[in-house]
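Quick note on our numbering: the sequence shown kicks off at 92 and runs consecutively. Note that the Cβ used here is the ideal one computed from N, Cα and C, for glycine as well. Note that the structure is a prediction, hence the values are computed from the model and not measured. Report on the structure given below.
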Amino acid sequence: MTKHFDFTSESVSEGHPDKVCDQISDAVVDYLLKRDPQHSHIACESLATTNYVLLAGEISSSAAVTKDEYRDIARRVITRIGYTSPDIGFSAADAQIDVRIHSQSADIAKGVNNATDDQEEQGAGDQGIMFGFACDETPELMPAPLFYAHRLVEHLAKLRHEGKVDFLRPDAKSQVTVEYDGDWNPVAVKDLVIAQQHTPGTLAKVREFVRAIIPDVIPADLLRNFAFDNSCCHING
92 MTKHFDFTSE
102 SVSEGHPDKV
112 CDQISDAVVD
122 YLLKRDPQHS
132 HIACESLATT
142 NYVLLAGEIS
152 SSAAVTKDEY
162 RDIARRVITR
172 IGYTSPDIGF
182 SAADAQIDVR
192 IHSQSADIAK
202 GVNNATDDQE
212 EQGAGDQGIM
222 FGFACDETPE
232 LMPAPLFYAH
242 RLVEHLAKLR
252 HEGKVDFLRP
262 DAKSQVTVEY
272 DGDWNPVAVK
282 DLVIAQQHTP
292 GTLAKVREFV
302 RAIIPDVIPA
312 DLLRNFAFDN
322 SCCHING
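Below, the structure written as structure tokens:
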């Protein structure tokens, strides 16, 4: 029989710079597809750092979108996430947002637009490699470490948006290590890391609060032997 083993996954919150960029690019796609669902070709990249966002890429669409509209899209996303105070270092109202978007390459457009029924002749705007699978470790058919890593940062964001706490800020990251038995069944959470942005001087409150909500997210049977002290539960600001 296979020995027990550990598997670790991580997740980032809606306020993590990587996820902020994902949401801004997604919002640009949604905005264009709503106005021109048939002909919009969108390759939009975002970069975010301290009070700055860069929107770049190639977009072709019959929908005429101005640079100010792109900036408004980004500001709405940043506001929804919760970056509304200059004190955090990133604010929707005064962040600098540069737009460097141009039309799609004519060569790429020709290959994609002049499509035929012959798949061998079908052009593509890009290529990529994806993989994934479903499993029965969680009701959502996701692997347990990834699922609970997602749920931890999502739950913290939900409580922040609901006003249950006033010391959490949008940026956060989680990491969950799950022990599996020899039959590949998750049997215990071995280690947990949460890095949570917070207001200055509140780290002790953050640690107490985060430890208290862990059982709301992770089932009790996976926490039977979990030590909620610093040996297994690492909460950083």
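Going along the chain, which residues of its own chain have a beta-carbon closer than 7 Å to the beta-carbon of residue i, five neighbours each way excluded?
i	result
Ala165	Ile115, Val144, Leu146 and Ile188
Ala240	Ser100, Glu101, Ser102, Ser265, Gln266 and Val267
Ile179	Arg260
Across which residues does DSSP place residue i in a beta bridge pair?
i	result
Thr140	Tyr143
Gln187	Tyr143
Val103	Lys264
His246	His246 is not bridged to any residue.
Cys226	Note: Cys226 sits in no beta bridge, so no partner.
Cys135	Gly148
Asp178	Note: Asp178 sits in no beta bridge, so no partner.
Who are the near neighbours of residue i in its chain, counting only those whose CB is closer than 6 Å to its CB and skipping five residues on each side?
i	result
Cys135	Ser116, Val119 and Gly148
Arg126	Ala154
Val111	Ala139
Ile172	Glu105, Gly106 and Pro261
Ile169	Ala183
Do you know whose CA, among the options, lies nearest residue i's CA?
i	options	result
Thr157	Arg171, Pro128 and Leu123	Leu123
Leu243	Ile326, Asn316 and Lys94	Ile326
Ala286	Gln266, Ser176 and Gly273	Gln266
Phe98	Lys264, Ala235 and His241	Ala235
Ser137	Ile304, Ala154, Tyr161 and Ser153	Tyr161
Ser152	Ile179, Asp113, Gly180 and Ile192	Ile192
Ala139	Tyr174, Ser131 and Ile309	Tyr174
Asp307	Arg167, His246, Thr170 and His132	His246
Is it right to say residue i is buried, meaning 16 or more other beta carbons lie within 10 angstroms of its own, or is it exposed?
i	result
Ala311	exposed
Cys226	exposed
Ile224	A small fix is needed here, since residue 224 is Phe in this sequence, not Ile. The residue in question, Phe224, is exposed, as its Cβ has fewer than 16 Cβ neighbours within 10 Å.
Glu228	buried
Glu253	exposed
Ala295	exposed
Ile220	exposed
His130	exposed
Excluding the 5 residues flanking residue i on each side, which residues of the same chain have their C-beta closer than 8 Å to its C-beta?
i	result
Arg302	Phe319, Cys324 and Ile326
Leu37	This structure gives no information on residue 37, because the portion of the chain shown stretches from 92 to 328.
Ser176	Ser182
Length at least 4, wholly inside the stretch 251-316: the alpha helix (DSSP H) runs in chain order: 294-308
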